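K.L.:
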Amino acid sequence: MKHFFSRMDVIEIVTNIAIIADIHGNSTALKAVLDSIDKDKQIEHIYCLGDLIGIGHETNEVLDLLFSRNDITFVKGNHDEAILNIIDGKEPGSVGEEREHHKWIASKLDKKFIPKLLNMPDMRFEKINGKNFLFVHYHLDVQNKFLPIDHHPTTENLDATYENSKADVISFGHHHIVHHFRSNRRLYLNPSSLGCNHKPVAPYVKLHVGSNEQMDVSFIEVPYDNKDFLLSYEKLDVPARDTILKVFHGEQHLQFV
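Below, the structure written as structure tokens:
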């Protein structure tokens, strides 16, 4: 896998950043995380690692929260891309009930958000306090297609995947579990899914980037009330809701029925 710094964005010195991933149409969880970030006066910028929409049903609410801010940098996720493909009349790459779900999300999406969604890149390189960062939804092959999820990630596997990368820090999402690996080459981070969890918490990462080699990582879980969000799947007749509630939310809705 090859990554070259063909496009390097140098931003002003930021010593504390937040990293969020896989919001998946859950504005209730997103509000809780943004409130937490805003109360932390040290955090100066947010990086969002894709899958803003899909799976959750609060599509426009999520996009309004995100796109109304000027302190967030985005990359595109596979669900974002599938939904945009449907809107553009292309094959989404999803089948069965997932495809029906994507079509339903696309039908509910406020068209005013499409230009910003289309403008999100597949990957983003930044230089922060002299360190090279790669932000991406998940590992890409040479054709910029997502690799299959590695369900048993290791430092060795990650170093092999990014063998030709010049990044000092690589942050990704897609796999809805925390990744925190550090090799003698770089740091790897995955904050886990903000919007999909088997508990009523919304995770994100706070990263302090020192001017030397220091990088301090904090994994933060913000509790929130997910009752209305979960019960709304049935009220709104969301396609694939049974699978979504079981696989992505651990059937937490059953305690409210």
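Numbering of the sequence shown is given in our numbering, commencing with residue 485 and proceeding in unit increments. Every residue gets a Cβ at the ideal spot worked out from N, C-alpha and C, and that includes glycine. In this text the structure is predicted, and so the values were computed from the model without any measurement.
Give me, in chain order, the residues of the same chain whose beta-carbon lies closer than 7 Å to that of K587; leave out the 5 immediate sequence neighbours on both sides.
P.N.:
Closer than 7 Å at Cβ, skipping near neighbours: I570.
K.L.:
Please classify S490 as buried or exposed, where buried requires at least 16 other C-beta atoms within 10 Å of its C-beta.
P.N.:
Note that S490 has pLDDT 43, beneath the 50 cutoff, so the model's placement of it is unreliable and the number below is only indicative. The residue in question, S490, is exposed, as its Cβ has fewer than 16 Cβ neighbours within 10 Å.
K.L.:
Pull up the distance between the alpha-carbon of M699 and that of L514, whole angstroms please.
P.N.:
Near 25 Å, if we compare the C-alpha coordinates of L514 and M699.
K.L.:
When the Cα atoms are used, what is the spatial distance from D522 to N648?
P.N.:
If I take the Cα positions, the gap works out to 36 Å.
K.L.:
Using 10 angstroms around the beta-carbon of V494, count the other beta-carbons present and answer buried if the total reaches 16, otherwise exposed.
P.N.:
Residue placement at V494 is poorly supported in this model, since its pLDDT is 47, which falls under 50; the coordinates are not used for a value here.
K.L.:
Are the Cβ atoms of F713 and N510 separated by less than 8 Å?
P.N.:
For F713 and N510, yes; Cβs fall inside 8 Å.
K.L.:
Using a threshold of 8 Å, state whether the C-beta atoms of V517 and G534 are closer than that.
P.N.:
Contact: no.
K.L.:
Between the C-alpha atoms of V706 and D572, what's the straight-line distance to the nearest angstrom?
P.N.:
Cα to Cα, V706 sits roughly 36 Å from D572.
K.L.:
Could you tell me which of S676, I661 and I654 sits nearest to S667, measuring between CA atoms?
P.N.:
Answer by Cα proximity: I654.
K.L.:
Compute the Euclidean distance between the alpha carbons of F703 and Y688, then round it to the nearest angstrom.
P.N.:
The alpha-carbon atoms of F703 and Y688 are separated by roughly 6 Å.
K.L.:
Which of the three DSSP states is assigned to E542 in this structure?
P.N.:
In the structure shown, E542 sits in coil (DSSP, three-state: anything other than H, G, I, E or B).
K.L.:
Leaving out five residues on either side along the sequence, give the residues of the same chain with a beta carbon under 8 Å from the beta carbon of Y708.
P.N.:
Counting only Cβ-Cβ distances below 8 Å, and skipping sequence neighbours, we find T512, A513, K515, A516, P684, V685 and A686.
K.L.:
Hey, could you find the ends of the alpha helix (DSSP H) F713 is sitting in?
P.N.:
Taken as a continuous stretch (DSSP letters only), the alpha helix (DSSP H) holding F713 covers K711 to K719.
K.L.:
Just to confirm, is the Cβ distance from H475 to S677 under 8 Å?
P.N.:
Absent from the model: residue 475. The displayed extent of the chain is 485 to 741, so no value can be given.
K.L.:
Rounded to whole angstroms, what's the CA-CA distance from E640 to A651? Just pull it up for me.
P.N.:
So the alpha carbons of these two residues sit roughly 16 Å apart.
K.L.:
What is the C-beta distance between T499 and V693, in whole angstroms, given that I count them as a contact (C-beta under 8 Å)?
P.N.:
Indeed they touch by this definition, with Cβ atoms about 6 Å apart.
K.L.:
Just reading off the alpha helix (DSSP H) that P675 is part of, what are its end residues?
P.N.:
That residue, P675, is in no alpha helix (DSSP H); it is neither H nor E in DSSP.
K.L.:
My guess is that I537 and D506 are in contact by the Cβ rule of under 8 Å, so how many angstroms apart are they, rounded?
P.N.:
In fact, because the Cβ distance is near 10 Å, the residues do not count as touching under 8 Å.
K.L.:
With a threshold of 16 other CB atoms inside 10 Å of the CB of H636, please say whether the residue is buried or exposed.
P.N.:
Under this definition H636 is an exposed residue.
K.L.:
Considering only the alpha carbon of each residue, which of F732, N710, H737 and V731 lies closest to E718?
P.N.:
Selected option, being the one with the closest Cα: H737.
K.L.:
Is the distance from the Cβ of N529 to the Cβ of S716 below 8 Å?
P.N.:
First, the amino acid is wrong: residue 529 is His here, not Asn. No, these two residues do not count as a Cβ contact at 8 Å.
K.L.:
Output yes or no for whether 8 Å exceeds the beta carbon distance between H621 and F656.
P.N.:
Yes, Cβ-Cβ distance for H621 and F656 is below 8 Å.
K.L.:
By the DSSP assignment, the beta strand (DSSP E) with P687 in it spans what residues?
P.N.:
From DSSP, the beta strand (DSSP E) with P687 extends over V685 to V693.
K.L.:
Helix, strand or coil: how does DSSP classify T557 here?
P.N.:
In this structure, T557 counts as strand in the three-state DSSP scheme.
K.L.:
Counting C-beta neighbours from all protein chains within 10 Å, is the total for V722 16 or more, i.e. buried, or is it exposed?
P.N.:
The residue in question, V722, is buried, as its Cβ has 16 or more Cβ neighbours within 10 Å.
K.L.:
What is the DSSP secondary structure of E705, reduced to helix, strand or coil?
P.N.:
Strand.
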